[in-house]
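Visitor: Have a look at this one before I ask anything.
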Amino acid sequence: MIPAAFEYVRADSADAALAALAEHGDDAKLLAGGMSLIPLMKLRLATPTVLVDVARLTDLSYVRDAGDHVAIGALTRHRDLETSALLAEACPALRGVAAEVGDNQVRHRGTLGGSVAHGDPASDLPAALLALDATFVVRGPGGERTVAAEHFFQGFLETALAPDELLTEIRVPKATGGWNYQKFNRRAQDWAIVGALVVNNGSTRVALVNMAGTPLRARSVEEALAGGASVADAAALAAEGTDAPADLNASPEYREHLARVLVRRALEAAGA
Amino acid sequence: MQVSTTVNGVAQSHDVEPRTLLVQYLREACGLTGTKVGCDTSSCGACTVLLDGESVKSCTMFAVQADGGAVTTIEGLAPSDTELHPVQQAFHEKHGLQCGFCTPGMVMAAVSFLEENPNPTEREVRLGLEGNLCRCTGYHNIVQAVLEAAGKMGGGR
Ligand SMILES: Cc1cc2nc3c(=O)[nH]c(=O)nc-3n(C[C@H](O)[C@H](O)[C@H](O)COP(=O)(O)OP(=O)(O)OC[C@H]3O[C@@H](n4cnc5c(N)ncnc54)[C@H](O)[C@@H]3O)c2cc1C
Ligand code: FES
Ligand code: FES
Numbered sequence: 060m061i062p063a064a065f066e067y068v069r070a071d072s073a074d075a076a077l078a079a080l081a082e083h084g085d086d087a088k089l090l091a092g093g094m095s096l097i098p099l100m101k102l103r104l105a106t107p108t109v110l111v112d113v114a115r116l117t118d119l120s121y122v123r124d125a126g127d128h129v130a131i132g133a134l135t136r137h138r139d140l141e142t143s144a145l146l147a148e149a150c151p152a153l154r155g156v157a158a159e160v161g162d163n164q165v166r167h168r169g170t171l172g173g174s175v176a177h178g179d180p181a182s183d184l185p186a187a188l189l190a191l192d193a194t195f196v197v198r199g200p201g202g203e204r205t206v207a208a209e210h211f212f213q214g215f216l217e218t219a220l221a222p223d224e225l226l227t228e229i230r231v232p233k234a235t236g237g238w239n240y241q242k243f244n245r246r247a248q249d250w251a252i253v254g255a256l257v258v259n260n261g262s263t264r265v266a267l268v269n270m271a272g273t274p275l276r277a278r279s280v281e282e283a284l285a286g287g288a289s290v291a292d293a294a295a296l297a298a299e300g301t302d303a304p305a306d307l308n309a310s311p312e313y314r315e316h317l318a319r320v321l322v323r324r325a326l327e328a329a330g331a
Numbered sequence: 002m003q004v005s006t007t008v009n010g011v012a013q014s015h016d017v018e019p020r021t022l023l024v025q026y027l028r029e030a031c032g033l034t035g036t037k038v039g040c041d042t043s044s045c046g047a048c049t050v051l052l053d054g055e056s057v058k059s060c061t062m063f064a065v066q067a068d069g070g071a072v073t074t075i076e077g078l079a080p081s082d083t084e085l086h087p088v089q090q091a092f093h094e095k096h097g098l099q100c101g102f103c104t105p106g107m108v109m110a111a112v113s114f115l116e117e118n119p120n121p122t123e124r125e126v127r128l129g130l131e132g133n134l135c136r137c138t139g140y141h142n143i144v145q146a147v148l149e150a151a152g153k154m155g156g157g158r
């Protein structure tokens with residue numbers, strides 16, 4: 060399948076990328092790893108007329124110790140997260156979740172920023188960043204702003220990013236406590252039918268993949284645990300406040316069942 | 002657009018549309034038809050090649066993204082006309098193929114995987130090849146072949 064024709068612009072700096080977006084407006088799209096955008100273009104579900112390739116902005120590819128948090132460049136590939144010694148120590152949950160994305164080939168190309176900007180509720184990393192209380196650094200024509208993860212994911216494939224903005228950095232508070240990610244799928248390499256991530260860092264945070272139009276925190280579970288509920292009783296609340304989609308893999312009812320089971324397993328494995 | 006790459010050590014430069022996929026560039030512009038298109042939807046891995054040493058699905062990349070890079074395809078693996086690469090040899094010896102359609106991609110994915118993990122367990126081999134589908138073999142002999150190659154290449158348990 061061949062995508063619709065487009066003009067290709069290779070950005071050699073973040074400023075050049077922003078200038079190209081400003082010049083071409085809504086017709087332009089950023090291209091990072093292409094692991095979400097190119098499949099959509101091949102199906103002609105996306106038909107941008109200008110692609111601004113930012114994959115070579117190597118100055119936006121890094122994992123750095125920034126004191127209380129880890130600063131990650133938006134163009135950092137899943138593979139670089141998976142193999143980062145710093146993440147393994149300072150935020151093992153994020154390293155572990157990155158290793159669960161797709162397959163080796165996908166992780167060699169796909170980037171953290173692309174996964175975040177794409178805003179797919181079935182993606183693993185956005186839910187992880189929600190559980191970890193990450194902050195996103197965004198640059199646009201008006202300068203730089205930061206957005207907290209809880210305000211970033213706004214709907215199905217919809218985020219707080221404007222079409223003329225570039226996500227540059229993801230700031231992840233260090234979290235060295237126990238964690239566990241339960242990703243349920245029927246085929247290797249696939250997206251989660253439902254995923255549940257538990258991170259213990261002072262309190263216990265629980266995030267759900269593919270249980271609504273956005274990644275979600277399972278607040279009822281978190282509150283029950285904070286109030287002293289048992290793991291079993293807390294996990295029974297995992298489907299509260301969700302809006303599970305129906306597709307060929309699962310009905311909403313089945314997803315709700317999976318959420319309760321996976322949250323319980325993740326809580327037990329994380330030692331909550 | 003002019004897209005210049007090194008493919009299997011040979012300089013290639015071709016004027017292609019930006020929407021040209023890397024796999025089309027390799028098969029149609031460079032004339033290297035060893036790389037296959039199976040699903041065309043990023044799932045099966047038949048189109049796997051190495052870009053700067055790492056496995057990628059060439060149906061899910063534009064040729065322009067590989068501009069300036071070094072590509073290795075199945076044609077570029079064997080050290081000579083009479084010798085196979087250890088991974089190819091192991092697929093031959095362990096009967097890691099039947100129809101052979103998935104094989105170029107499977108071998109390239111295995112080469113990249115062994116580069117990253119020279120001493121894998123069986124489970125790691127299975128996970129390392131999760132992006133590659135085979136409709137014939139049931140995978141068992143493919144996994145045996147990769148473990149055998151790991152041993153021959155210096156890793157191996
Ligand atoms: C076979 C396959 C299996 C997969 N399995 C999984 C899986 O199991 N779990 C999972 O989570 N994901 C999965 N993915 C998706 C993968 O994680 C993608 O890498 C990721 O979603 C997108 O990152 P990218 O860099 O490839 O972005 P691209 O595809 O290049 O871009 C995606 C979107 O983000 C925008 N964008 C990219 N970078 C920026 C930026 N810095 N600032 C602003 N906007 C930006 C683009 O304009 C585009 O709209 C899979 C993909 C494939 C092909
Ligand atoms: S043809 Fe590229 S993944 Fe199937
Ligand atoms: S040998 Fe036929 S698809 Fe793998």
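Protein chains in written order, with our numbering: chain A, 60 to 331; chain B, 2 to 158. The beta carbon of each residue, even a glycine, is placed where N, CA and C say it ideally should be.
#1: Should residue 149 of chain A and residue 233 of chain A be called a contact, given that it needs their Cβ atoms to be closer than 9 Å?
#2: Taking 9 Å as the CB-CB limit, is residue 216 of chain A close to chain B?
#3: Apart from the five residues just before and just after residue 197 of chain A, which ones in its own chain have a Cβ nearer than 8 Å to its Cβ?
#4: Are the stretch 63–74 of chain A and the stretch 108–115 of chain A in contact at 8 Å, needing three or more beta carbon pairs?
#5: Report the residue from A:255, A:192 and A:72 whose alpha carbon sits nearest the alpha carbon of residue 156 of chain A.
#6: Suppose contacts are defined by Cβ-Cβ distances below 9 Å. Is residue 252 of chain A in contact with residue 319 of chain A by that definition?
#7: Does any residue of chain A have a CB that is nearer than 9 Å to the CB of residue 132 of chain B?
#8: Would you please state the rounded distance, in angstroms, between the beta carbons of residue 258 of chain A and residue 236 of chain A? I believe it to be under 8 Å.
#9: I'd like to know whether the C-beta of residue 137 of chain A is nearer than 9 Å to at least one C-beta of chain B.
#10: For residue 155 of chain A, is the beta carbon positioned less than 8 Å from some heavy atom of ligand 2?
#11: Taking a cut-off of 5 Å, which residues have a beta-carbon closer than that to any heavy atom of ligand 3, in chain order?
#12: State the Cα-Cα distance for the pair residue 118 of chain A and residue 89 of chain B, rounded to the nearest angstrom.
#13: Could you name the residues of chain A that residue 19 of chain B contacts, counting a contact when the two beta carbons are closer than 8 Å?
#14: Name the residue from A:125, A:72, A:316 and A:322 whose alpha carbon lies nearest to the alpha carbon of residue 284 of chain A.
#15: Can you tell me whether residue 215 of chain A is buried or exposed, with buried defined as 16 or more other CB within 10 angstroms of its CB?
#16: Does the distance between the C-beta of residue 292 of chain A and the nearest non-hydrogen atom of ligand 2 fall short of 8 Å?
#17: Kindly indicate if chain A contains any beta-carbon less than 9 Å away from that of residue 66 of chain B.
#18: Closer than 7 Å, Cβ to any Cβ of chain A: which residues of the stretch 34–53 of chain B, in chain order?
#19: By Cβ distance below 8 Å, which residues in the same chain neighbour residue 115 of chain B in space, the five residues on each side in sequence not counted?
#20: Could you check whether the stretch 12–26 of chain B touches the stretch 76–84 of chain B, counting it as contact only if at least three pairs of C-beta atoms, one from each stretch, sit closer than 8 Å?
#21: Please decide whether residue 90 of chain A counts as near chain B, where near means a Cβ-Cβ distance under 9 Å.
#22: Leaving out the 5 sequence neighbours to the left and right, which residues in its chain are closer than 7 Å to residue 10 of chain B when beta-carbon positions are compared?
#23: Note down, in chain order, all residues in the stretch 124–156 of chain A with a beta-carbon under 8 Å from any beta-carbon belonging to chain B.
#24: With 16 other CB atoms within 10 Å as the buried threshold, where does residue 183 of chain A fall?
#25: Please report the distance separating the alpha-carbon of residue 188 of chain A from that of residue 32 of chain B.
#26: Buried or exposed, going by whether 16 or more other CB atoms sit within 10 Å of the CB of residue 167 of chain A?
#27: Provide the residue(s) that pair with residue 12 of chain B in DSSP beta bridges, ordered along the chain.
#28: Among the candidates B:61, B:74, B:47 and B:93, whose CA atom is the shortest distance from the CA of residue 27 of chain B?
#29: Nearest to residue 145 of chain A by CA position, among A:133, A:86, A:159 and A:126, is which residue?
#30: Establish whether the CB of residue 56 of chain B and some CB of chain A are separated by less than 9 Å.
#31: Just the Cα atoms here: how many angstroms apart are residue 55 of chain B and residue 290 of chain A?
#32: Mind listing the chain B neighbours of residue 248 of chain A? Cutoff is C-beta to C-beta under 7 Å, in chain order.
#33: What does the alpha-carbon distance come out to for the pair residue 100 of chain A and residue 61 of chain B?
#34: How would you list, in chain order, the residues of chain A whose beta-carbon sits under 9 Å from the beta-carbon of residue 102 of chain B?
Guide: On the basis of the supplied data:
#1: yes
#2: Among the CB atoms of chain B, none fall inside 9 Å of the CB of residue 216 of chain A.
#3: 203, 204, 205, 206, 219, 220, 224, 225, 226 and 227
#4: yes
#5: A:255
#6: no
#7: yes
#8: 7 Å
#9: No, residue 137 of chain A lies away from the interface with chain B (no Cβ there is under 9 Å from its Cβ).
#10: Proximity of the beta carbon of residue 155 of chain A to ligand 2 is not indicated: no heavy atom of the ligand is located closer than 8 Å.
#11: B:98, B:99, B:100, B:102, B:103, B:135, B:136 and B:137
#12: For residue 118 of chain A and residue 89 of chain B, the distance between alpha carbons rounds to 38 Å.
#13: 64, 65, 66, 67 and 110
#14: A:322
#15: exposed
#16: no
#17: Yes - at least one Cβ of chain A is within 9 Å of the one on residue 66 of chain B.
#18: 41, 42, 43, 46 and 49
#19: 88, 121, 147, 150, 151, 154 and 156
#20: With a cut-off of 8 Å on Cβ pairs, the stretch 12–26 of chain B is not in contact with the stretch 76–84 of chain B, counting fewer than three such pairs.
#21: yes
#22: Answer for residue 10 of chain B: 77, listed in chain order.
#23: 138
#24: buried
#25: 44 Å
#26: Of the other Cβ atoms in all chains shown, 16 or more fall within 10 Å of the Cβ of residue 167 of chain A; this residue is therefore buried.
#27: B:7
#28: B:74
#29: A:126
#30: yes
#31: So the alpha carbons of these two residues sit roughly 42 Å apart.
#32: Correct list: 131 and 132.
#33: 10 Å
#34: Those do not exist, as residue 102 of chain B stays about 17 Å from chain A at its closest Cβ, beyond 9 Å.
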